[in-house]
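Reading through the structure tokens given below for one structure.
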Amino acid sequence: MVSSILPDATRRASPGAGSSRGPRKARGKVTKSETRVLVLPGYMNSGPGHWQTRWEAAHAGFERVRMPDWMHPDCEAWCAALEAAVQRAPAGVRLAAHSLGCLTVAHWAVHHASAATREKVAGALLVALPDPHGPEFPRDARGFDPVPLAALPFASVVVASSDDPYGGVAFSERCAQAWDSRWVEIGARGHINAESGLVDWPQGYEWLMSAGKQGG
Numbered sequence: 005m006v007s008s009i010l011p012d013a014t015r016r017a018s019p020g021a022g023s024s025r026g027p028r029k030a031r032g033k034v035t036k037s038e039t040r041v042l043v044l045p046g047y048m049n050s051g052p053g054h055w056q057t058r059w060e061a062a063h064a065g066f067e068r069v070r071m072p073d074w075m076h077p078d079c080e081a082w083c084a085a086l087e088a089a090v091q092r093a094p095a096g097v098r099l100a101a102h103s104l105g106c107l108t109v110a111h112w113a114v115h116h117a118s119a120a121t122r123e124k125v126a127g128a129l130l131v132a133l134p135d136p137h138g139p140e141f142p143r144d145a146r147g148f149d150p151v152p153l154a155a156l157p158f159a160s161v162v163v164a165s166s167d168d169p170y171g172g173v174a175f176s177e178r179c180a181q182a183w184d185s186r187w188v189e190i191g192a193r194g195h196i197n198a199e200s201g202l203v204d205w206p207q208g209y210e211w212l213m214s215a216g217k218q219g220g
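Residues in the sequence shown are numbered consecutively from 5, following the working numbering.
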């Protein structure tokens, strides 16, 4: 299913478009009833204006996966960090990934996750897939190619922009089909990051929370 919404153009920006520092959290402890979400930024991390950071600051159940090196991403190391985070998380955890974080989720789910951790994931939002063969793919990133083209073991929604400089619509749609994901194209929003004008991005939050549910 394809949606053409939020068509405003965006200017080209770096993948994370912001500081590598995490969000400041002025909130209480996570309650048992609150959905747990692991946040996976891409290359250079997500800065304060990024929708991932804003979600994490607003919701007690959101936790950023701390990668060992944001500037020199290594696929195996990032997958190991995700595996450890899912091991610590309760069953029913959701994944909110952006850019290189999306490829990390795919590699982890297909090649690195244990059966127990795979079963814990209720759904994933995979936003702005970067193409390892594209001209803008970070040269410092290692081990992300080839992208796994097998069905993911949990429900997922892949979101693409029509003018993303890091990955084309055709690449994104091909991955979504291989992963058995729902695919959504939201118009010209660049790399769907802090520069895209999404602010708290309520539509993305809805896709994250509805993945795997009836009608989601």
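No residue lacks a Cβ here, since even glycine has one placed at the ideal position from N, Cα and C.
Fair warning: this is a prediction, and the values are worked out from it, not measured in the lab.
Annotated three-state conformation of Gly127 is strand, per DSSP.
Looking at Met75, Glu60, Trp74, the one whose alpha-carbon comes closest to that of Arg68 is Glu60. In the structure shown, Arg40 falls within a coil segment according to DSSP collapsed to helix, strand and coil.
About 22 Å separates the Cβ atoms of Phe148 and Leu212, ruling out a contact at the 8 Å cut-off. Cys79 and Ala215 have their C-alpha atoms some 25 Å from each other.
Contact between His102 and Ala126 fails: their C-beta atoms lie close to 19 Å from each other, not under 8 Å. Contact annotation, Pro77 with His115: C-beta distance approximately 16 Å; criterion of less than 8 Å not satisfied.
When only Cα atoms are considered, Cys83 and Ala89 end up about 10 Å apart. The bridge partners DSSP lists for Arg68 are Val43.
For Trp82, the enclosing alpha helix (DSSP H) begins and ends at 79-92. Going by DSSP, Val173 is part of the alpha helix (DSSP H) stretching over 173-183. Annotated three-state conformation of Ser50 is coil, per DSSP. Secondary structure at Ser214: helix, using DSSP grouped into helix, strand and coil. Annotated three-state conformation of Glu189 is strand, per DSSP. For Arg98, the enclosing beta strand (DSSP E) starts and ends at 97-102. Within the DSSP bridge table, the entry for Arg146 names Asp78 as partners. Under the DSSP definition of a beta bridge, Val162 partners with Leu130, Trp187. In this chain, the alpha helix (DSSP H) harbouring Trp55 covers 55-62.
Inter-segment contact for the segment 172-180 and the segment 202-209 is absent: fewer than three beta-carbon pairs are separated by less than 8 Å.
The C-alpha of Ala155 lies about 32 Å from the C-alpha of Ala62. Here Arg98 is near Val41, since their CB atoms are less than 7 Å apart.
Ranked by Cα distance from Ala85, the options Met71, Met75, Ala93, Tyr47 are led by Met71. With contacts defined as CB atoms closer than 7 Å, Asp168 and Ala192 fail to qualify as a contacting pair.
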